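See below for the structure under consideration.
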Amino acid sequence: EAQVTQNPRYLITVTGKKLTVTCSQNMNHEYMSWYRQDPGLGLRQIYYSMNVEVTDKGDVPEGYKVSRKEKRNFPLILESPSPNQTSLYFCASSQLDRGVAKNIQYFGAGTRLSVL
Amino acid sequence: TQLLEQSPQFLSIQEGENLTVYCNSSSVFSSLQWYRQEPGEGPVLLVTVVTGGEVKKLKRLTFQFGDARKDSSLHITAAQPGDTGLYLCAGAKNQGGKLIFGQGTELSVKP
């Protein structure tokens with residue numbers, strides 16, 4: 339079954355304690371992306387990756403890091419989480435269409451993060 | 003940051019009514035997509051439109067891409083309670099991997 343798997347689904351942490359949210363896809367997609375979802379703001383792109391070892395900033399990259407060492411995995415790293423990073427996070431993947439991401443074909447189920 | 007404005011943000015209607023959700027921008031997009039999201043789940047892709055003026059139908063849902071590729075609409079005919087959810091539009095440029103989402107339209111269809 340085609341899927342994007344995020345872990346953990348729920349996480350409560352404290353300010354400054356480094357954390358990693360893992361994301362894995364089983365469809366051999368080149369494109370992967372991280373979004374955060376906040377009430378009234380829709381989905382905002384944090385980082386995206388067009389292929390292995392290729393990552394780019396989205397609209398809200400501050401306070402986040404990503405890596406793409408393998409095609410299937412795209413972890414999101416918060417080196418020093420702060421309360422304003424409390425949010426619902428989604429990982430996503432898609433095939434590229436002639437080198438362009440035209441849509442998101444699959445989203446993960448989401449990770450609800452609370453930073454106290 | 004290019005913005006995609008969705009309207010209305012909230013919509014509560016009775017079963018059987020028709021509705022239209024709008025997605026507008028001052029930017030041109032190479033493609034525009036619509037997603038539906040239910041509580042506790044990730045968004046699910048409904049449709050992608052890529053040609054100005056394009057109309058696509060998915061059962062009772064009709065999607066249209068504006069001629070200038072700056073706006074789109076989603077029309078639902080004879081809404082049902084199962085249509086309840088958050089509807090999101092998103093636009094892609096003709097290069098790279100940036101996808102811009104609108105704020106979403108929260109639809110509630112009452113029996």
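Protein sequence lines correspond, in order, to chains A and B. Per the working numbering, the first sequence starts with residue 339, numbered consecutively. Per the working numbering, the second sequence starts with residue 3, numbered consecutively. The beta carbon of each residue, even a glycine, is placed where N, CA and C say it ideally should be. Every value quoted in this text rests on a predicted model; they were computed, and no experiment measured them.
At a cut-off of 9 Å between beta-carbon atoms, B/Y24 makes no contact with chain A. By the neighbour-count criterion, in which 16 or more other beta carbons inside 10 Å mark a residue as buried, B/F12 falls on the exposed side. A direct Cα-Cα distance of roughly 33 Å separates B/K100 from B/N20.
Within 8 Å of the CB of A/N441, the CB atoms of chain B belong to S33, Q35, L47, T50, A92, A94, L101, in sequence order along the chain. At a cut-off of 9 Å between C-beta atoms, B/E43 counts as an interface residue with respect to chain A. Annotation: Cβ neighbours of A/M388 in chain B (cutoff 8 Å, chain order): G98, G99. A/A430 and B/G98 have their C-alpha atoms roughly 15 Å apart.
Distance from the CA of B/S28 to the CA of B/L34, rounded to the nearest whole angstrom, comes to 13 Å.
At a Cβ-Cβ threshold of 9 Å, A/N422 and A/V390 do not count as neighbours. Contact annotation for B/G87 against chain A: no contact, minimum CB-CB distance about 14 Å [criterion: below 9 Å].
Contact annotation: in the region 61-84 of chain B, no residue has its CB less than 9 Å from a CB in chain A.
Only buried fits A/Y386, as 16 or more other CB atoms lie within 10 angstroms of its CB.
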